[in-house]
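Student: The following block contains the structure, expressed as structure tokens.
In this note's numbering, the protein residues as written are -5 to 171.
Listed below in structure tokens is the structure:
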């Protein structure tokens, strides 16, 4: 049995041993290190957002074909890296874009009805809505969002339709132990 690192009441042994998400107790999927009362535990990015969109930036682009979806996901990594904010790829029209911290709109947003509607809502709403080309003018950030150190291995990590902030390999290895 693994050594239990944290004795917070209400946590399962897997959560205490950093083998499962501190919120949902599932061990599958990419998890990010989180500070809980001075101890480092793990959580899925979607669990951290509590199922809501606060703390995430919406990435709006064409997702109507597998190739378009792959391109939009790649752009999501750039957004998370340059803005140092977790990014969520919006697929379909079942999203309230005004609940996000902001939106980054790709040039491909007019290639599908869903992304065109979401982009229009973002631009017309009272929120930050940036064009992807503007984001790309910022340099890549090699600062780890967990330890704060400059590290060329620091990069956003993908979990489903979301990207975390940049995390270096050593923090990722430490968090997944």
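Virtual Cβ for every residue (Gly too), placed ideally from N, Cα, C.
To which residues of the same chain is residue -5 closer than 6 Å at the C-beta, ignoring the five residues directly before and after it?
Tutor: To locate residue -5, count along the chain shown from 1; it is residue 1. Note that residue -5 scores a pLDDT of 36, beneath 50, so its modelled location is shaky and nothing firm can be said.
Student: Contact check, residue 161 vs residue 151 under 8 Å by CB: the rounded distance?
Tutor: Here residue 161 refers to the residue found at position 167 when the chain shown is read from its first residue. Here residue 151 refers to the residue found at position 157 when the chain shown is read from its first residue. Residue 161 to residue 151, Cβ: 6 Å. Contact.
Student: At the level of alpha carbons, what is the spacing between residue 0 and residue 121?
Tutor: Here residue 0 is taken as the residue at index 6 of the chain shown, counted from 1. Here residue 121 is taken as the residue at index 127 of the chain shown, counted from 1. Its pLDDT being 44, under 50, residue 0 is placed unreliably in this model, and the coordinates cannot settle the point.
Student: Quick one: give me the first and last residue of the beta strand (DSSP E) that residue 125 is part of.
Tutor: Along the chain shown, one-based indexing puts residue 125 at 131. 122 to 125 is the span of the beta strand (DSSP E), which, as asked, contains residue 125.
Student: Our contact map puts residue 81 next to residue 51 with C-beta atoms below 8 Å; I'd like the distance itself, whole angstroms only.
Tutor: As a first step, residue 81 is located in the chain shown; it is residue number 87 there, counting from the start. As a first step, residue 51 is located in the chain shown; it is residue number 57 there, counting from the start. The Cβ separation is near 5 Å, so the contact holds.
Student: Taking one C-beta from the stretch 91 to 111 and one from the stretch 133 to 146 each time, how about it: are there three or more such pairs within less than 8 Å?
Tutor: For the pair of segments examined, the stretch 91 to 111 was found not to touch the stretch 133 to 146: the number of CB pairs separated by less than 8 Å stays below three.
Student: Alpha carbons only, please: which of 105, 88, 119 is nearest the one belonging to residue 96?
Tutor: Numbered from its first residue, the chain shown carries residue 96 at position 102. Put simply, of 105, 88, 119 the residue whose alpha carbon is nearest the alpha carbon of residue 96 is 119.
Student: Quick check on residue 5: does DSSP put it in helix, strand or coil?
Tutor: If you number the chain shown from 1, residue 5 lands on position 11. Residue 5 falls in the coil class under three-state DSSP.
Student: Please name the residue, chosen from 117, 143, 73, that lies closest to residue 132 on a Cα-to-Cα basis.
Tutor: Position 138 of the chain shown, counted from the first residue, corresponds to residue 132. Residue 73 is the option with its Cα nearest to residue 132.
Student: Here's the rule I'm using: 16 or more other beta-carbon atoms within 10 Å means buried, otherwise exposed. How should residue -3 be labelled?
Tutor: Your numbering for residue -3 matches position 3 in the chain shown. Below a pLDDT of 50, predicted positions are generally treated as unreliable, and residue -3, at 38, falls in that range; no measurement from the model is reported.
Student: Which parts of the stretch 72 to 115 are runs of the alpha helix (DSSP H), unbroken and 4 residues or longer, counting only runs that do not cross its ends?
Tutor: none
Student: For residue 21, which of helix, strand or coil comes out of DSSP?
Tutor: Locating residue 21 in the chain shown gives position 27, counting from the first residue. In this structure, residue 21 counts as coil in the three-state DSSP scheme.
Student: Return the first residue and the last residue of the beta strand (DSSP E) that residue 172 is part of.
Tutor: No statement about residue 172 is possible, as the shown extent of the chain runs from -5 to 171 and does not include it.
Student: Please confirm if residue 93 has its CB atom under 8 Å from at least one CB of chain C.
Tutor: Absent here is chain C; the protein component of the structure consists of one chain.
Student: Would you report the Cα separation of residue 33 and residue 19, rounded to the nearest angstrom?
Tutor: Position 39 of the chain shown holds residue 33. Position 25 of the chain shown holds residue 19. About 17 Å.
Student: Taking the continuous beta strand (DSSP E) assigned at residue 159, which residues delimit it?
Tutor: By 1-based counting over the chain shown, the position of residue 159 is 165. Looking at the DSSP string, residue 159 is not in any beta strand (DSSP E), and its letter there is neither H nor E.
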